[in-house]
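Q: Residues in the sequence shown are numbered consecutively from 4, following the numbering used here. For each residue, glycine too, the CB sits at the ideal point set by N, CA and C.
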Amino acid sequence: MTTRVAIVGGTGKLGSIIREVVEAQPGFDIVATLTSASPLSDIAGADLVVDASVPAVSIDVVRTAVEHGINILVGTSGWSAERIALVRPLVEAAGTGAVFIPNFSLGSVLGSALAAAAAPYFPSIEIVEAHRETKVDSPSGTAVRTAELIAAARTDVGPVASPHVDQRARGQQVASVPIHSLRRPGVIARQETILSGPGETLSLVHDTAEPALAYAPGIRLALAAARDAKGVVIGLDSLIDIGLGPSRRAEDDAVSERGGAGQVARSTGA
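1) Bridge partners of G78, per DSSP?
2) Where do the ends of the beta strand (DSSP E) carrying A9 lie?
3) Whose C-alpha, out of P188, R223 and A122, is nearest the C-alpha of S108?
4) According to DSSP, simplified to helix, strand and coil, what is G221?
5) Is I153 helix, strand or coil by DSSP?
6) On the DSSP letters alone, give me the boundaries of the alpha helix (DSSP H) that S19 sits inside.
7) Between A49, R135, P126 and E26, which has its C-alpha nearest A35's C-alpha?
8) Could you tell me whether the Cβ atoms of I275 and F103 are closer together than 9 Å?
9) In whole angstroms, give me the CA-to-CA distance for A3 and V53.
10) Looking only at its own chain, which residues have a Cβ that is under 6 Å from the Cβ of T67, when we skip the five neighbours before and after it?
11) What is the rounded straight-line gap between the Cα of G234 and the Cα of G98?
12) Could you tell me which residues DSSP pairs with A35 in its beta bridges?
13) Thinking S80 and D169 are a contact (beta carbons under 8 Å), I'd like their distance in whole angstroms, please.
14) Under 8 Å: do the stretch 5–25 and the stretch 190–204 share three or more Cβ pairs, one atom per stretch?
15) Quick one: Cα of V11 to Cα of V64, how far?
16) Is the stretch 81–97 in contact with the stretch 210–219, if contact means three or more CB pairs nearer than 8 Å?
17) Taking buried to mean at least 16 other C-beta atoms within 10 Å of its own C-beta, is D210 buried or exposed?
18) Classify E213: buried if its beta carbon has 16 or more other beta carbons within 10 angstroms, exposed otherwise.
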């Protein structure tokens, strides 16, 4: 049986990559390609909506899909745990599924999971993320997701130490973790999580070198999951077993995205 897909934001950078993956994926057929300004009524007749729009539009896309009884896969940035909580009751009441993927890169998801696994052992943690100058939101959804995973992993030890966060140059706090966002030409997507303790520092760095190659495996996983999902699902780490279960359980209690082609991940200790 073929799954009919409507892609909102299907002409943008991420949307174009998703469109190519869907076109090549057996069992899926694109029936509508919308821009972020298209009438959302155009999703009617789809079995699955994929949202790759912009943060200001994304919540309306989700609500419209839910109202039409259609499952949705959300790749748009800007969905914090608090924002997802606003639509969770709607999804559950409708009996549909909503899958939120802050980052389709498997390497990025693993980097965030490693940061969460290490988080209880370091009192000071900060995130520096960089994207091209055309990215309209900051901090990135990946950075927000990483900070939320870190906070969930630190439930027993408390928030991270973040001195002088009242000063604007110290970044934006998300779940007690300072995030510093760079928007500049010459970069695609890069995130460094810096964990510091007495006498040592652990840095976890993920670089996206080729988005189409880096995102395709995660998009395929997410499409299959979103087609059959019930309720709200957050992150690729919910769809794959990366061997870091304790951090995942901690997040579930608190709250109730492996390296591949096109990406580079590394960790350094100093």
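A: In this structure, then:
1) Against the sequence shown, residue 78 aligns to sequence position 75. DSSP output for G78 lists no bridge partner at all.
2) Against the sequence shown, residue 9 aligns to sequence position 6. A9 -> beta strand (DSSP E) spans T6 to V11.
3) Working through the sequence shown from its first residue, we reach residue 108 at position 105. When the alpha-carbon of S108 is set against those of P188, R223 and A122, the nearest one is in R223.
4) As a working mapping, residue 221 is identified with position 218 in the sequence shown. G221 falls in the helix class under three-state DSSP.
5) Indexing the sequence shown from 1 puts residue 153 at position 150. Helix, per DSSP.
6) For this step, residue 19 is matched to residue 16 along the sequence shown. It spans K16 to A27 - the alpha helix (DSSP H) in which S19 sits, taken as one unbroken run.
7) As a position in the sequence shown, residue 35 is number 32, starting the count at 1. Comparing alpha carbon positions, the residue from A49, R135, P126 and E26 closest to A35 is A49.
8) There is no way to answer for residue 275, as the model of the chain reaches only from 4 to 273.
9) The first residue shown for the chain is 4 and the last is 273, placing residue 3 beyond what the model contains.
10) By 1-based counting over the sequence shown, the position of residue 67 is 64. If the five residues before and after T67 are omitted, its C-beta is found closer than 6 Å to the C-beta atoms of L43, all from its own chain and listed in chain order.
11) Numbered from 1 along the sequence shown, position 231 holds the residue referred to as residue 234. Numbered from 1 along the sequence shown, position 95 holds the residue referred to as residue 98. If I take the Cα positions, the gap works out to 7 Å.
12) Position 32 of the sequence shown, counting from 1, holds the residue named residue 35. Its beta-bridge partners are A9.
13) In the sequence shown, the residue the question calls residue 80 occupies position 77. In the sequence shown, the residue the question calls residue 169 occupies position 166. So it is not a contact: roughly 26 Å between Cβ atoms.
14) In short, these stretches do not touch, since the Cβ pair count stays below three.
15) Position 8 of the sequence shown, counted from the first residue, corresponds to residue 11. Position 61 of the sequence shown, counted from the first residue, corresponds to residue 64. The straight-line gap from Cα to Cα measures roughly 8 Å.
16) Because the criterion of three Cβ pairs below 8 Å is not met, the stretch 81–97 and the stretch 210–219 do not touch.
17) Against the sequence shown, residue 210 aligns to sequence position 207. D210 comes out buried.
18) Within the sequence shown, the letter at position 210 stands for residue 213. By the C-beta density criterion, E213 is exposed, having fewer than 16 other C-beta atoms within 10 angstroms.
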